[in-house]
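Novice:
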Amino acid sequence: MSLTTTSTDTSFCVDMVQHETRLSLASLCLSIRFVGNIQSQLQNPPTFIPLKLSIHIPEAYASQISPIVECISLHVALSGRPSLNSLPEGSFPFFPLASDFNHLNGRTWALLADTIQDWLADNISLTHSDVWLWGREFFWMAFVAAFPGFPRREWPLWDPKIGMEGEFITYWMSDFGSGSEGSLKVLRH
Numbered sequence: 211m212s213l214t215t216t217s218t219d220t221s222f223c224v225d226m227v228q229h230e231t232r233l234s235l236a237s238l239c240l241s242i243r244f245v246g247n248i249q250s251q252l253q254n255p256p257t258f259i260p261l262k263l264s265i266h267i268p269e270a271y272a273s274q275i276s277p278i279v280e281c282i283s284l285h286v287a288l289s290g291r292p293s294l295n296s297l298p299e300g301s302f303p304f305f306p307l308a309s310d311f312n313h314l315n316g317r318t319w320a321l322l323a324d325t326i327q328d329w330l331a332d333n334i335s336l337t338h339s340d341v342w343l344w345g346r347e348f349f350w351m352a353f354v355a356a357f358p359g360f361p362r363r364e365w366p367l368w369d370p371k372i373g374m375e376g377e378f379i380t381y382w383m384s385d386f387g388s389g390s391e392g393s394l395k396v397l398r399h
């Protein structure tokens, strides 16, 4: 996948996936973060702001494929877990992220994933605690951000004490259960 951004538009070039008898587009897990504050003097501010997201499929493919868009907030996706607000402050030594954290740099995400992995491995006795389970969710989010082609492309081995469990990684891997994706590649350190 490649990304092109202008002041008002973002374009994605989505990877093609070769199956035995067909081609398809790789799924994207899209996250949208909003930077800045709304300056308002409203006494009763709205509880939400409606946004419009458009997906343009080139005409040559429009009759063959169609997107399925799901809007799931992180809170809803992880609703089986207690709220982060209910956990003690300072539960995660890797948060808050440094002010110079570059979310566009895969290496930055890989370093964060390594930091979280080390914390999880050091706290393995807490595997059933809410803090550890949230940490595992954060690990998989950072790992996939660092290696967005996972599991189809190269990726490093992670500590085997960290299972491929949790809401995020289960959702991410849901497209890879058919076995028709071909071999998986592991990048060893």
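Numbering of the sequence shown is given in my numbering, commencing with residue 211 and proceeding in unit increments. Ideal Cβ placement from N, Cα and C applies to all residues, glycine included.
(1) Spatial neighbours of Ser393 within its chain, please: C-beta separation below 7 Å, excluding the five flanking residues on both sides.
(2) Looking only at C-alpha atoms, which of Arg362, Pro366, Trp342 sits nearest to Glu375?
(3) In whole angstroms, give me the CA-to-CA distance for Leu336 and Gly300.
(4) At which residues does the alpha helix (DSSP H) containing Val354 begin and terminate?
(5) Among Trp365, Ser339, Asp310, Gly359, which has the Cα closest to the Cα of Asp324?
(6) When you compare the CB positions of Arg362 and Ala236, do they come within less than 9 Å of one another, or not?
(7) Please classify Glu377: is it buried, with 16 or more other beta-carbons within 10 angstroms of its beta-carbon, or exposed?
(8) Helix, strand or coil for Leu321, going by three-state DSSP, please let me know.
(9) Report the rounded CA-to-CA distance for Ala320 versus Asp328, giving the unit in angstroms.
(10) Determine the direct distance from the alpha carbon of Pro268 to that of Phe302, and round the result to whole angstroms.
(11) Give the straight-line distance between the Cα atoms of Val286 and Pro277, rounded to the nearest whole angstrom.
(12) At what residues does the beta strand (DSSP E) containing Trp365 begin and finish?
(13) Compute the distance between the beta-carbons of Ser221 and Val227, then report whether it is under 9 Å.
(14) Going by beta-carbon coordinates alone, are Phe349 and Leu367 separated by less than 9 Å?
(15) Taking the straight line between their C-alpha atoms, what separation do you get for Arg346 and Met383?
Specialist: Taking the geometry as given:
(1) Sequence index remark: in the sequence shown, residue 393 carries index 183 (1-based). The pLDDT assigned to Ser393 is 43, lower than 50, so where the model puts this residue is not dependable, and the model offers no usable value.
(2) For the purposes of this step, residue 375 is taken as residue 165 along the sequence shown, with counting starting at 1. Nearest option by C-alpha distance: Trp342.
(3) Here the question's residue 336 lines up with position 126 in the sequence shown. Here the question's residue 300 lines up with position 90 in the sequence shown. Their backbone Cα atoms lie some 16 Å apart in a straight line.
(4) The count along the sequence shown starts at 1 and reaches residue 354 at position 144. Element bounds for Val354: 340 to 356.
(5) Position 114 of the sequence shown, counting from 1, holds the residue named residue 324. Comparing Cα positions, the closest option is Trp365.
(6) As a position in the sequence shown, residue 362 is number 152, starting the count at 1. As a position in the sequence shown, residue 236 is number 26, starting the count at 1. Yes, they are a contact pair.
(7) Stepping through the sequence shown from its first residue, residue 377 is reached at position 167. Buried, because 16 or more other Cβ atoms sit within 10 Å of the Cβ of Glu377.
(8) Here residue 321 is taken as the residue at index 111 of the sequence shown, counted from 1. Here Leu321 sits in helix by DSSP.
(9) Position 110 of the sequence shown, counting from 1, holds the residue named residue 320. Position 118 of the sequence shown, counting from 1, holds the residue named residue 328. Approximately 12 Å between the Cα atoms of the pair.
(10) One-based indexing of the sequence shown puts residue 302 at position 92. One-based indexing of the sequence shown puts residue 268 at position 58. Whole-angstrom Cα-Cα distance: 44 Å.
(11) The sequence position of residue 286 within the sequence shown is 76, counting from 1. The sequence position of residue 277 within the sequence shown is 67, counting from 1. With a pLDDT of 49 at Val286, under the threshold of 50, the modelled position of this residue cannot be trusted, and the question is left open.
(12) Walking along the sequence shown from the start, residue 365 turns up at place 155. Element bounds for Trp365: 364 to 366.
(13) Walking along the sequence shown from the start, residue 221 turns up at place 11. Walking along the sequence shown from the start, residue 227 turns up at place 17. Against a cut-off of 9 Å, the Cβ pair of Val227 and Ser221 comes out as no contact.
(14) Mapped onto the sequence shown, residue 349 falls at position 139. Mapped onto the sequence shown, residue 367 falls at position 157. No, these two residues do not count as a Cβ contact at 9 Å.
(15) Along the sequence shown, one-based indexing puts residue 346 at 136. Along the sequence shown, one-based indexing puts residue 383 at 173. Approximately 15 Å between the Cα atoms of the pair.
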